[in-house]
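Accompanying notes for the structure given below.
Protein chains in written order, with our numbering: chain X, 167 to 841; chain H, 42 to 201.
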């Protein structure tokens with residue numbers, strides 16, 4: 167089979183299903199009584215089983231099959247859902263995830279068998295099978311019982327009802343004789359004798375005549391009315407030798423129909439009393455099932471195709487700008503036509519962008535599970551509150567943003583949230599709270615990770631920075647609180663004194679910042695002692711298009727992303743000061759290094775002494791830099807183009823764009839100028 | 042056509058054999074010397090009329106980038122890369138756009154001659170053709186009638 171073609175589809179669908187399962191598992195843990203969750207997990211396990219079996223991933227199929235079996239029994243109420251079982255299901259889920267990861271990475275499931283999980287699943291199932299067998303037995307009896315009740319004629323039903331009225335009970339009794347019993351009819355006769363002493367026999371099956379003629383197998387049943395409790399009757403019957411087991415079922419008072427009631431299994435008594443069986447259960451489940459099935463119609467599209475589409479829209483925008491440039495102002499129709507075209511293009515652009523947008527839910531989904539595991543591991547009770555899961559971001563950003571958020575969440579839980587005792591001592595609630603919030607703000611999406619822990623210990627950060635040689639003591643002493651908190655983003659900083667599994671390897675926040683900035687975003691920290699910390703990430707809606715300021719440097723045009731720009735400042739030559747032989751300017755009492763772009767970029771320029779210099783103040787990781795430019799062109803939405811692999815190692819530029827006249831302008835990489 | 046046969050084709054028909062043993066190259070001129078590029082690398086040949094944007098910080102043999110139907114394509118001055126003296130562009134100057142493993146660049150040449158089919162046996166592997174040590178960019182010398190064509194190894198030129 168040409169499985170390569172299907173492998174991609176398999177991976178995508180499996181990943182989607184896994185996410186669904188994760189969610190359902192978490193819901194299930196919160197709310198074990200909710201049947202829909204079980205049904206969802208069951209359905210997903212079933213789907214995964216089918217998928218993996220088709221793709222010949224036998225290990226995955228085996229595991230999902232077992233999970234499915236166990237879940238089936240849970241659905242049928244044959245197994246009680248307990249936390250141990252949920253843990254095993256989680257383990258199974260993890261194993262499946264590992265299989266899937268291996269398939270993604272290597273194209274096969276790997277060698278891990280996860281025997282322990284398989285065994286636990288099997289054990290549960292075995293227990294359940296035993297129970298099930300017993301249950302089936304009871305079920306049979308019930309069915310038999312019902313059958314016989316239905317067979318009772320009016321007279322017999324009347325007798326039973328009368329018996330109820332005068333306070334007598336009626337029973338349905340099945341007597342099983344020992345296999346080695348030789349004279350069955352004689353034995354039956356003795357039993358009848360015993361029964362008649364204590365109760366009145368209304369009916370027997372087979373009939374008394376048949377029993378006398380030995381026309382029955384090892385068992386027969388009777389319907390009786392008696393004033394004794396069934397225990398007494400049971401005891402008396404057992405006193406007869408060669409009786410293997412007796413099943414006594416009491417009739418319900420209301421009617422002569424047989425209502426499921428605890429069934430006593432006689433000699434094979436084994437705590438089945440607690441088992442309740444509802445025959446209709448299955449049917450109901452199925453109905454819920456159908457209504458829960460998703461009805462949203464979707465098309466799966468390769469992201470590359472969307473990139474092409476977006477590219478084409480970018481081309482349209484460029485051409486439209488060109489048309490505007492050559493427009494003849496007197497020609498009214500032409501003008502109108504251009505305006506109409508512009509509207510269509512911007513709608514088209516918006517539509518294409520929307521197609522690429524994915525709710526952050528896709529990333530957030532896995533966090534509840536992570537928090538659950540972490541809080542168990544660390545012995546901290548943590549409540550994760552998420553909001554704004556529907557906020558949408560460009561697919562490319564979504565793919566990258568998960569890791570930094572994981573980092574921040576782990577940070578909050580490990581470093582931020584205190585141990586329960588400590589929290590109680592501080593008068594806080596025992597449970598730690600972690601908040602994950604996403605919302606849109608203009609052209610940006612903000613994601614906040616906050617906790618109500620002990621906040622950032624500014625003194626510790628100072629000590630650490632000096633200890634690690636990141637800052638000198640003097641530097642640290644003159645810093646503001648925000649500057650100090652900002653030190654956390656420096657490589658090599660980690661304030662947790664012990665290195666744990668969760669965080670504290672000293673590679674934390676600087677990696678987070680680098681990642682966020684590579685996505686065109688910024689990150690800030692707010693922190694108050696004993697109130698908590700808040701990490702605020704601001705991201706652009708999309709990576710494909712940005713707002714930029716176009717400038718002239720010499721005769722060359724460059725674009726500077728608007729998100730980096732703090733302000734535009736016109737300075738005089740005499741405003742330039744020197745600090746350690748470097749040019750700087752003063753802006754609101756802050757020393758800002760002056761960077762002469764034409765020198766850094768090697769732009770050919772006619773030397774011209776200008777008195778007034780236009781500088782663009784850019785903000786990079788909380789620091790300001792002044793970039794000199796010759797002229798400003800204006801703000802424009804630009805389509806970011808990859809300058810191609812051949813030029814990928816250029817440091818000063820982060821990309822290119824095609825301007826209205828069809829020429830290329832490069833986008834300056836502010837990170838380079840700041841370093 | 043790239044030379045991909047590994048003895049397997051030898052058993053086939055003589056026609057196939059011939060095909061596999063030949064390759065097509067596009068020949069162009071640098072001064073009086075003729076050079077050749079295997080046509081399997083070439084995507085298109087364009088006029089040298091695109092506005093070019095200088096790339097800050099790029100090596101000197103990169104003239105800049107052009108907008109080729111919406112893609113940014115770097116233009117390489119192959120003369121400079123081969124350490125030949127540079128000359129001004131003329132009417133005849135063309136850009137050969139080549140592609141290898143997702144990397145697309147345009148190579149500026151003075152004049153494009155023709156596509157010729159050369160036999161494997163006519164290729165000599167030589168070193169030290171150039172004045173300076175640029176022979177790493179050459180895959181061999183080829184004699185066609187009285188002409189001597191230097192074959193350029195595009196993969197090495199792109200790799201730098």
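For every residue, glycine included, the Cβ atom is placed at its ideal position computed from N, Cα and C.
query, result
"Residue 212(X): first and last residue of the uninterrupted alpha helix (DSSP H) it sits in", "201-220"
"Segments assigned alpha helix (DSSP H), at least 4 residues, entirely inside the stretch 750-826 of chain X", "763-767"
"CA-to-CA distance, residue 779(X) to residue 758(X), given in whole angstroms", "15 Å"
"Local Cβ density within 10 Å of residue 450(X), reported as buried at 16 or more and exposed below that", "For residue 450(X), the pLDDT reaches just 41, beneath the cut-off of 50, and the residue's location in the model is therefore unreliable, leaving the point undetermined."
"Short-range partners of chain X found in the stretch 94-128 of chain H, where Cβ spacing is below 9 Å", "94, 95, 96, 97, 98, 99, 103, 105, 106, 107, 108, 110, 111, 112, 113, 114, 115, 117"
"Beta-carbon spacing of residue 763(X), residue 793(X) below 8 Å", "yes"
"Contact list for residue 477(X) against chain C, beta-carbon separation under 8 Å", "Here the protein chains are X and H, and chain C is not one of them."
"Stretch-stretch touch, CB-based, cutoff 8 Å, three pairs: the stretch 806-819 of chain X with the stretch 740-756 of chain X", "no"
"Partner residues on chain X for residue 143(H), Cβ-Cβ distance less than 7 Å", "811"
"Chain-ordered residues of the stretch 711-737 of chain X with a beta carbon less than 7 Å from chain H", "722"
"Helix, strand or coil at residue 722(X) according to DSSP, with G and I counted as helix", "strand"
"Residue range of the alpha helix (DSSP H) that includes residue 485(X)", "469-491"
"Own chain partners of residue 122(X) with C-beta closer than 6 Å, once the 5 adjacent residues on each side are dropped", "Chain X is shown only over 167 to 841; residue 122(X) falls outside these bounds and no answer can be derived."
"CB contact flag (residue 191(H), residue 76(H), <8 Å)", "yes"
"Chain-ordered neighbours of residue 481(X) on chain H, where CB pairs are closer than 9 Å", "110, 111"
"Minimum Cβ-Cβ distance from residue 767(X) to chain H less than 8 Å", "yes"
"Chain H contact for residue 807(X) (CB, 8 Å cutoff)", "yes"
"Cβ-Cβ separation, residue 181(X) to residue 266(X) (assumed contact under 8 Å), whole Å", "7 Å"
"Residues that residue 826(X) contacts on chain H, provided the C-beta gap is smaller than 9 Å", "Under the 9 Å cutoff, chain H gives no residues; its nearest Cβ is about 12 Å from residue 826(X)."
"Of the residues 389(X), 476(X), 801(X), 174(X), the one placed nearest residue 466(X), counting alpha carbons only", "174(X)"
"Inter-residue CB distance, residue 707(X) and residue 802(X) (contact presumed, cutoff 8 Å)", "Rounded, the Cβ-Cβ distance is 17 Å, inconsistent with contact."
"CB of residue 127(H) within 8 Å of CB of residue 118(H), strictly", "yes"
"Residue 571(X) - containing alpha helix (DSSP H), residue span", "561-577"
"8 Å contact criterion, which residue 205(H) and residue 93(H) should meet: CB distance rounded", "With chain H running from 42 to 201 in the structure shown, residue 205(H) is simply not present."
"Residue 322(X) versus residue 361(X): straight-line alpha-carbon distance, rounded", "18 Å"
"Interfacial residues, the stretch 143-166 of chain H to chain X, with Cβ spacing under 7 Å", "143, 144, 145, 146"
"Residue 153(H) vs residue 86(H) beta-carbon contact at 8 Å", "yes"
"Cβ neighbours of residue 412(X) in the same chain (closer than 8 Å, five flanking residues each side left out)", "339, 340, 341, 342, 400, 403, 404, 432, 433"
"Under 8 Å from the C-beta of residue 199(H): neighbouring residues of chain X", "812"
"Rounded straight-line distance, which links the Cα of residue 473(X) to that of residue 727(X)", "21 Å"
"Straight-line Cα distance separating residue 380(X) from residue 365(X)", "23 Å"
"Interface flag, residue 760(X) vs chain H, CB-CB below 8 Å", "no"
"Whole-angstrom C-beta distance between residue 345(X) and residue 287(X), which should lie under 8 Å", "Incorrect: roughly 36 Å between the Cβ atoms, too far for contact."
"Residue 403(X) - containing alpha helix (DSSP H), residue span", "396-404"
"Exposed unless 16 or more other CB atoms sit within 10 angstroms - verdict on residue 621(X)", "buried"
"8 Å Cβ cut-off: residues of chain H touching residue 816(X)", "96, 97, 98, 99"
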